[in-house]
Every structure is written in C-alpha cells, then in structure tokens.
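Top line first, the protein sequences correspond to chains A and B.
Count the first sequence with numbering that gives the first Met the number 0 and you get residues 0 to 228, in order.
Count the second sequence with numbering that gives the first Met the number 0 and you get residues 0 to 228, in order.
Structure record follows, encoded as structure tokens.
Number of protein chains: 2
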Amino acid sequence: MSDSTIPGSFVAADVAILTIRDGALSVLLIRRANEPFQGRLALPGGFVEADETVEQAAARELFEETGVPKSASRLSNIGVYSLPDRDPRRRVISVAFAALVPNPGPDRPGGDAASTQWLPVDRALKEPLAFDHVQILEHAAAHARRQLEYTTDATAFCDTEFTVAELRRVYEIVWETKLDPGNFHRKVTRIDGFLEPTGETTTRDGGRPAALYTAGSLKRLPLPLAAGR
Amino acid sequence: MSDSTIPGSFVAADVAILTIRDGALSVLLIRRANEPFQGRLALPGGFVEADETVEQAAARELFEETGVPKSASRLSNIGVYSLPDRDPRRRVISVAFAALVPNPGPDRPGGDAASTQWLPVDRALKEPLAFDHVQILEHAAAHARRQLEYTTDATAFCDTEFTVAELRRVYEIVWETKLDPGNFHRKVTRIDGFLEPTGETTTRDGGRPAALYTAGSLKRLPLPLAAGR
DNA sequence: TCAGTTATTGTTGATACAACAACAAGAGCG
DNA sequence: CGCTCTTGTTGTTGTATCAACAATAACTGA
C-alpha cells in the first residue's frame, strides 16, 4: 500500500449489448466519430463520471444507445481490461459488461441513429474493432453462453411474455444446438421460480396455442441446463 | 462517449487470499498502518502502477504478502467496487480478486510479518474491516464456493502432490458438507484431466496408503461437482 | 373435413448416482 | 506375529434422471 505515488487512470465502462436477431446472437456496435480509431466499429462505452458507479455508467450507456431501461435487461460484469497501451492516447482501464436485451425489432437504434448497428457476433468478431474490443466481445459471448447454463438469464432475450418454444430457441441459437422440444418443455416448467404462467396463450408461432409465461424470480438454476446430453 | 470531460480516478487491486487452515476457509488480512481506517483489518491491496495490468498488480500483492508466486495460485477477478464514497478521502475504484493458495503452514507471513494474519472467513466477516472489504470478502467466499463446483480450482488449495482424501476435505470444508469417500473417489478419478497420478503413495493421513496425484491440465469440469445430492 | 404445424404429455430403456457393503493395505500394540 | 484400528479403494444395488421417441391436443388455412 504505497500511498505516496498514486498514478491516476481513466476508467471507462464498455458494454456488449447482446440480443437475438434473425436467428443469430448479435451485438450492437457504433461507428466511432472521433480519434482514436476514428471510423472503426466499437462497443458502446464511456468514461465513468465522478458521481456514478461503473454499473451505473454501463446502464447509462445501455439506455443512451438502445432506450432499454436497466430493469429490462440483464447486465453483468465480464472483466477488466487494463493493458497499459490498450488506448494509444492515454491510459484507460475499461470495465466491460454484457447486457442481454430482448430483440429490439426491425431496426430502430434508440440513440444517435445512423452510427449504430446490430451485427451477428461471429461477423462482428471478424471486423477490426477499435481498441481490444474483439477480445472483450469474445469474452462477452463466452460469458453469455456459460451464463445460460447456470442462470435464468435466457429469459432476458425474450419479451416480457414468451412461450416455452421461444425460450428454447434462445438456447438453440446461443448454444448452436437442437434441443428436444418435449424434454425441454418438461425441464424448464418443472423448475420452481423459473417461469410464471400468465394463464394466456398465443398462436403467434403457429400450430397449437402455447401457454405464455413471464420470467420468475429465480436467478440461479438449481441444476445446470446442459446442452447436448 | 463524451471525450470532453474526463474525470480521473485511482484504481486499486485488492486480493482476498484464501486458503484452508485448521479445517476452515481462511483469509489473509493486514492491519492498516495508515489513514484512512488506521488500525482496522483490511484485505491486501494497492494501487495499479502505470506499467502494469490489474492482474499484475494483484499478483504483486499476493507475492509481497505471502511469497506465493502467481503460478502456484489460482487468481480470479471477482468484481469491481466503485461506490463514489467507498474511500472517504478520494475516489478509488477497486478491482477485487480471489487467490486460492495452498496451506502456508504454521505461521510464516511472507511479507511485513507482524501486521498480517490469517483468519477464518466467518470470523473475518464479523470484523469491522476497512472500506467495503466485508462485502468484497463475502463475494470472494461465495465466488470460491461456486468456483469449486464448475472448475478444478479446489486443487489450488492443496500442495503440488495430494491424495484424493485431501482434495475431498477441501470440498467438505468449503461447502460445509460431508461427502461419501467412495463415491467422491470414483467421481474425481474418472474425470479425464482432473488428476494426474504420480505413481507414489503416502500414509501421512494414516490407514491404507493413498495414491498421490498432481493437478491435471483440465480447468473446467465437464459436469459440475455437486454438494448434497 | 383434412392436412399441416406446433404444444404438451407418455413411455421406456439406458445411465448416473447415493447409500452402503466389502475388501485392501498400511500402523501400532500386545 | 496376529489382532485391531484406520483409511483408501472397489463392488453392488435400488432409485432417480434423462434422452429418445411416440402419442395426443389444439389451433390455422385450404
């Protein structure tokens, strides 16, 4: 604890805003207007202000770019990126978050319109993103995939009311697997606190009407939901 | 991304150095010599220097306090603590880590001797620790407990060579459960890459000689090791 | 009415696991 | 040396779980 030399830093919060679009896990990117990395695609982010926590800064970025209130998403810390030269100009330590949000629909970037765009994660990872954002995005995607095994976060990708099949599709897309509809249905409906039935049904996916559910209060699954077993 | 106002911060790395001592999950605490919180117990930590990452700063703290090289421990990021007033003097954002180290033996604090001490985590949590270190320690302990389910990190609490029973005791202590010796033995020895047999045996725990193992290359368990099931 | 589609529930054979029993291999002691 | 004590390791078995697949339910649209 050397209180004598105290090197100051700048702390930023960067957010990988993830959703399911057109059958693919996708991320919201912005095109940078300023140096450094002018013109490059980057994750939304900004400096942490004096009166806010890093979580609040991340939630602010999320809202500014998508209009999604923090309560309607699942925001989780995925790491700290602190290589001394990750920003060519000055030292910036970045705290990265992943935000899981429902499909925002056709195309209506909430914030500064033209400069933001959704891109499937696999394609985004091939882009020359600004800073170390390729690495951050890789970690965010891996984090989301793991998160789906142990938590109920998959519901964050769905609208407030959703069917079991819609939830199943989330897992199938993020994990890139096929899941047995019957077994999946039993599994998730049996877990107490995962899904709350609304009593309503819908036929929006065709076929027999499906019961509608909202996300329950359970956050952590008692038994992990496994892929391919 | 407001590049105009750039509020600087100080970034610190705090480390909850955990081990198994006297049958309890324990943490290394230091008694603070300076204000703020002079005289209070605190987690080891310090500011991140200009030329190092937060991980390097944490590893440096770990080595300074225990002499344990980073390679002999499992160091993992457990969160960022950034309430604006968590440090009464100036804004300090803390990146917290948990380090799992083998039992350091009777009592030989590597660093500045008299001011460091091991304390069982439950007792440490009742102390009025400096800053928000109670919260950090709570999270670190919870993190370690969860980590043991999904990863092979339990081996970090053992010496380089250890028996299956010694490993089992780690789980029993951290999870506060009893595990069936036979079933546990089968389970862990069946998992490929978890344990590497050395060919040697030991009778240091009494009874029939037990085979010695070293930690394998596997980091993440294919199936979680569950308590009470 | 019938075909098509999806939802939900049943059935079943294989598998995994917890509980417990049995056996192995040393130490200590008379 | 034989006996007991202790712990490690392997067997056995009834039960619970689960994946695979079949059957049925409830709608839409032709």
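All residues carry an ideal CB built from backbone N, CA and C; glycine is no exception.
Presumed contact (8 Å Cβ cut-off) between residue i and residue j, rounded CB distance
i: Thr151 (chain A); j: Leu217 (chain A); result: 5 Å
i: Ala97 (chain B); j: Leu17 (chain B); result: 6 Å
i: Ala214 (chain B); j: Thr200 (chain B); result: In fact, because the Cβ distance is near 18 Å, the residues do not count as touching under 8 Å.
i: Arg90 (chain B); j: Ala11 (chain A); result: That belief does not hold up - the Cβ atoms of Arg90 (chain B) and Ala11 (chain A) are roughly 15 Å apart, past 8 Å.
Nearest residue (CA-CA) to residue i, options the options
i: Val169 (chain A); options: A:Pro101, A:Glu137, A:Arg30, A:Val14; result: A:Pro101
i: Ala23 (chain B); options: B:Glu175, B:Leu220, B:Gly206; result: B:Glu175
i: Pro35 (chain A); options: A:Pro103, A:Phe130, A:Ala143; result: A:Phe130
i: Val94 (chain B); options: A:Glu60, A:Ile77, A:Arg30, A:Ala153; result: A:Ile77
i: Thr115 (chain A); options: A:Thr154, A:Leu194, A:Ser25, A:Pro87; result: A:Ser25
i: Tyr80 (chain B); options: B:Ala49, B:Leu222, B:Asp13; result: B:Asp13
i: Phe183 (chain B); options: B:Phe193, B:Arg167, B:Ile172, B:Val173; result: B:Arg167
i: Leu42 (chain B); options: B:Pro119, B:Val67, B:Arg122, B:Leu128; result: B:Leu128
i: Ile92 (chain A); options: B:Ala153, B:Val53, B:Ala143, B:His132; result: B:Val53
i: Trp117 (chain A); options: A:Pro208, A:Thr65, A:Asp191; result: A:Thr65
i: Asn33 (chain B); options: B:Arg219, B:Ala15, B:Glu171, B:Arg88; result: B:Arg88
i: Val173 (chain B); options: B:Ala225, B:Pro103, B:Arg30; result: B:Ala225
i: Val163 (chain A); options: A:Tyr149, A:His132, A:Asp204, A:Glu148; result: A:Asp204
i: Pro103 (chain B); options: B:Arg122, B:Phe193, B:Phe156; result: B:Phe156
i: Glu137 (chain A); options: A:Asp121, A:Thr154, A:Tyr149; result: A:Asp121
i: Arg30 (chain A); options: A:Glu51, A:His132, A:Tyr149, A:Leu82; result: A:His132
Unbroken beta strand (DSSP E) run spanning residue i, endpoints
i: Thr213 (chain B); result: 209 to 214
i: Gly79 (chain A); result: The question names Gly, yet the displayed sequence has Val at residue 79 (chain A). Element bounds for Val79 (chain A): 73 to 80.
i: Val289 (chain B); result: With chain B covering only 0 through 228, there is no way to say anything about residue 289 (chain B).
i: Glu160 (chain A); result: Neither: Glu160 (chain A) is in no beta strand (DSSP E) and is coded neither H nor E.
i: Ala23 (chain A); result: 23 to 30
i: Glu195 (chain A); result: 194 to 201
i: Phe36 (chain A); result: Counting along the chain, Phe36 (chain A) falls outside any beta strand (DSSP E), and DSSP gives it neither H nor E.
i: Gly205 (chain B); result: First-last for Gly205 (chain B): undefined, no H or E at that position.
i: Gly45 (chain B); result: 44 to 46
Status (buried if at least 16 other CB within 10 Å, exposed otherwise) for residue i
i: Gln37 (chain B); result: exposed
i: Ser8 (chain B); result: buried
i: Glu195 (chain A); result: exposed
i: Ser70 (chain A); result: exposed
i: Gly181 (chain B); result: exposed
i: Arg202 (chain A); result: For the record, residue 202 (chain A) in the displayed sequence is Thr; it is not Arg. Looking at its Cβ environment, which holds fewer than 16 other Cβ atoms inside 10 Å, Thr202 (chain A) is exposed.
i: Arg207 (chain A); result: exposed
i: Arg234 (chain B); result: Since the displayed chain B opens at 0 and closes at 228, residue 234 (chain B) lies outside it and no answer follows.
i: Arg20 (chain B); result: buried
Rounded C-alpha distance that separates residue i from residue j
i: Gln134 (chain A); j: Asp84 (chain A); result: 15 Å
i: Asp158 (chain A); j: Leu28 (chain B); result: 46 Å
i: Pro108 (chain A); j: Gln146 (chain A); result: Because the pLDDT of Pro108 (chain A) is 48, which lies under 50, any placement of that residue in the model is unreliable, and the number read from its coordinates should be weighed accordingly. Rounded to whole angstroms, Pro108 (chain A) to Gln146 (chain A) spans 26 Å at the Cα level.
i: Lys125 (chain B); j: Ala140 (chain B); result: 14 Å
i: Glu160 (chain B); j: Tyr212 (chain B); result: 5 Å
i: Pro221 (chain B); j: Pro223 (chain A); result: 11 Å
i: Asp179 (chain B); j: Leu74 (chain B); result: 29 Å
i: Ala57 (chain B); j: His142 (chain A); result: 22 Å
i: Arg219 (chain B); j: Pro68 (chain A); result: 34 Å
i: Arg59 (chain A); j: Val47 (chain A); result: 10 Å
i: Ser72 (chain B); j: Gly192 (chain B); result: 18 Å
i: Glu171 (chain A); j: Gly198 (chain B); result: 44 Å
i: Ala15 (chain B); j: Glu148 (chain B); result: 19 Å
i: Thr154 (chain A); j: Arg144 (chain A); result: 13 Å
i: Lys177 (chain A); j: Asp86 (chain A); result: 41 Å
i: Val187 (chain B); j: Glu51 (chain B); result: 38 Å
i: Leu82 (chain A); j: Gln55 (chain B); result: 10 Å
i: Pro119 (chain A); j: Gly45 (chain A); result: 23 Å
i: Ala185 (chain B); j: Glu63 (chain B); result: Position check: residue 185 (chain B) holds Arg in this sequence, whereas Ala was assumed. So the two alpha carbons sit approximately 39 Å from each other.
i: Leu61 (chain B); j: Ala123 (chain A); result: 37 Å
Opening and closing residue of the alpha helix (DSSP H) in which residue i lies
i: Gly181 (chain A); result: 180 to 189
i: Arg168 (chain A); result: 163 to 174
i: Arg122 (chain A); result: 120 to 123
i: Ala56 (chain A); result: 53 to 65
i: Ala139 (chain A); result: 132 to 149
Distance cut-off 7 Å: residue i Cβ against heavy atoms of the ligand ADP
i: Leu178 (chain A); result: Here there are no bound small molecules, and the ligand ADP is not part of this structure.
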